[in-house]
Amino acid sequence: MKSFLLMSLFFILFQNISAASTLQWSDLEIKGHYVLDQKVSFPGVAEFEKGDKVDVLNFIPGLGNIMYYQVHLVNCKKPKLESDMILINPTPQDSSRDRSVGVQLEAGCNIAIFLEPIDFYSPSLFSDI
Numbered sequence: 054m055k056s057f058l059l060m061s062l063f064f065i066l067f068q069n070i071s072a073a074s075t076l077q078w079s080d081l082e083i084k085g086h087y088v089l090d091q092k093v094s095f096p097g098v099a100e101f102e103k104g105d106k107v108d109v110l111n112f113i114p115g116l117g118n119i120m121y122y123q124v125h126l127v128n129c130k131k132p133k134l135e136s137d138m139i140l141i142n143p144t145p146q147d148s149s150r151d152r153s154v155g156v157q158l159e160a161g162c163n164i165a166i167f168l169e170p171i172d173f174y175s176p177s178l179f180s181d182i
């Protein structure tokens with residue numbers, strides 16, 4: 054009985070830990086609901102916190118050497134804000150190479166994300182809700 058309880062507890066803990074882990078870019082689905090896995094700061098314009106909810110609106114896999122995601126910030130209060138593109142290195146960071154992605158705040162509370170195809174199977178900026 055003790056071993057059954059311990060196994061059940063271990064399973065529940067492992068499931069909760071894995072549910073909160075960072076998703077790969079390849080895991081994201083159009084119309085999927087996720088949360089930011091790290092703070093995203095557009096200097097002088099806006100800042101979005103880890104845990105803020107987003108919905109994936111669009112994914113275009115082949116714009117030359119770039120892949121494109123468009124996500125919508127669910128609880129955004131200032132839909133007219135826009136920014137220049139910034140570079141963000143998703144966490145956990147890879148010490149062997151730069152995995153930075155281009156991120157731009159668009160009107161309507163949308164974020165455009167540009168990444169290289171080589172990074173498609175690497176950690177994204179998002180985790181499951």
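Residues 54 to 182 (our numbering) make up the sequence shown, in order.
Ideal placement from N, C-alpha and C gives every residue a C-beta, glycine not left out.
Owing to the predicted nature of the structure, the values given are computational and were not obtained by experimental measurement.
Just so you know, the alpha carbons of residue 152 and residue 172 end up roughly 7 Å apart. A distance below 8 Å between beta-carbons, with the five flanking residues on each side excluded, links residue 88 to the following residues of its chain, in chain order: 103, 104, 105, 106, 107, 179, 180, 181 and 182. Shortest Cα-Cα distance from residue 112 to any of 133, 100 and 125 involves 125. Listed in chain order, the alpha helix (DSSP H) elements of length 4 or more contained wholly in the stretch 90-173 amount to none. Nearest to residue 143 by alpha-carbon distance, out of 166, 82 and 84, is 166. Annotation: the continuous beta strand (DSSP E) that includes residue 178 extends over 176-181.
Under a 10 Å Cβ-count criterion, residue 120 is classified as buried, with 16 or more other Cβ atoms of the shown protein chains found around its own Cβ. Here residue 114 has 120 as same chain residues with Cβ atoms under 6 Å from its own Cβ, once five neighbours each way along the sequence are excluded.
The C-beta distance from residue 158 to residue 140 rounds to 14 Å, too long to meet the 8 Å contact threshold. C-alpha of residue 147 to C-alpha of residue 156: approximately 18 Å in a straight line.
The alpha-carbon of residue 118 is positioned some 32 Å away from that of residue 131. Per DSSP, residue 81 lies in no beta strand (DSSP E) segment and is marked neither H nor E. The residues 110, 111, 163 and 165, in chain order, have a CB closer than 6 Å to that of residue 123 in the same chain once the five nearest residues on each side in sequence are set aside.
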